[in-house]
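Inspection log for the structure reproduced underneath, given as structure tokens.
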Amino acid sequence: MTRRVETLGAIVLNDAPLTRPDPLLVQAAVRDGLRRSGLSVLHWSEAALALRERLAFCQAHLGVPWPAVDDEALLAGLDDWLGTELAAVRGARDLARIDVAAGLRRLLPWPDAARFDELAPERIMVPSGSAVRLAYDGAAPPVLAVKLQEVFGWTATPTVADGRVPVVLHLLSPARRPAAITSDLASFWQQGYPQVRADLRARYPRHPWPEDPLSAVATGRAKPRR
């Protein structure tokens, strides 16, 4: 409920509900409240958080026209991405219903936005045929966590941001624990894989551990039980 409150310092002189508040005053109060309370009062879905990290990555590595999406920038430009939604807010419940991801998409710069999924892809296709999600964290290189057997035959580390940033591969054991972390696949196959193979093939005999992983068929499946 909207209220009119008159104060003298910390003393409340008058506090009364308003049945028909001025929409412009309500909108100004909502924006002021957001700037004081911070963006955490909004409902940040997983999709919104992931989109924000991808935008932050593009801004860090590609610069203009990709927008800054840190708290300071988003609060300063509320009307650019949440103007329509904020105009309808009348209380805390309305704030929680705002589709933050939809608002962030308004910040995608055109025509560059047409290449967003190429520059900062949400998923990458690996040799096994799986489309594996990338984890972004601002300016840091994104992480691709994938089972080691699914990247057999991959000779070059995948890159993003027009080839400027190599992806960090978290190569997982069959138990989905990191067996190796690398941004240089070619070096890993030569130097790291033999030790990983020696350590894990006895523990996971149903999974392939070829001597030559570059000529092996990538797979996400184990051998059937006998």
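In this note's numbering, the protein residues as written are 953 to 1178.
All residues carry an ideal CB built from backbone N, CA and C; glycine is no exception.
Computed from a predicted model, the values in this text were never measured in an experiment.
Keeping to the same chain, check which residues put their C-beta closer than 8 Å to that of Ala1091; ignore five residues upstream and five downstream. Ala1008, Phe1009, Ala1012, His1013
How many Å lie between Ala1000 and Asp1032 at the Cα? 16 Å
Once DSSP output is grouped into helix, strand and coil, what is the label at Pro1017? coil
Between which two residues does the beta strand (DSSP E) holding Tyr1088 run? 1083-1089
Between Gly961 and the rest of its own chain, which residues show a CB-CB distance below 6 Å, the 5 nearest in sequence each way excluded? Reliability of the predicted coordinates at Gly961 is poor, the pLDDT of 45 falling under 50, and the value obtained from them is presented with this limitation in mind. Cβ neighbours of Gly961 beyond the five flanking positions: none.
Is it buried or exposed for Val1117, if we count other Cβ within 10 angstroms and need 16 for buried? buried
Quick one: any contact between the stretch 982-997 and the stretch 1030-1046, if contact means 3 or more CB pairs under 8 Å? yes
In this structure, how does DSSP classify Leu1003 when only helix, strand and coil are distinguished? DSSP places Leu1003 in helix when its eight states are reduced to three.
Thinking just about the alpha-carbon of each residue, which of Ala1053, Ser1139, Ala1025 is nearest to the one in Arg1004? Restricting attention to Ala1053, Ser1139, Ala1025, the CA atom closest to the CA of Arg1004 is found in Ala1053.
If you draw a straight line from the C-alpha of Ala1002 to the C-alpha of Tyr1156, how long is it? For Ala1002 and Tyr1156, the distance between alpha carbons rounds to 33 Å.
Identify the continuous alpha helix (DSSP H) that holds Ala1054 and give its terminal residues. 1052-1057
Note the first and the last residue of the continuous beta strand (DSSP E) segment covering Ala1025. Counting along the chain, Ala1025 falls outside any beta strand (DSSP E), though it belongs to the alpha helix (DSSP H) covering 1023-1028.
Cross-strand partners of Val1098 (DSSP beta bridge): Paired residue(s): Leu1123.
Start-to-end residues for the beta strand (DSSP E) that takes in Arg1128: Note, Arg1128: premise wrong, no beta strand (DSSP E); not H, not E.
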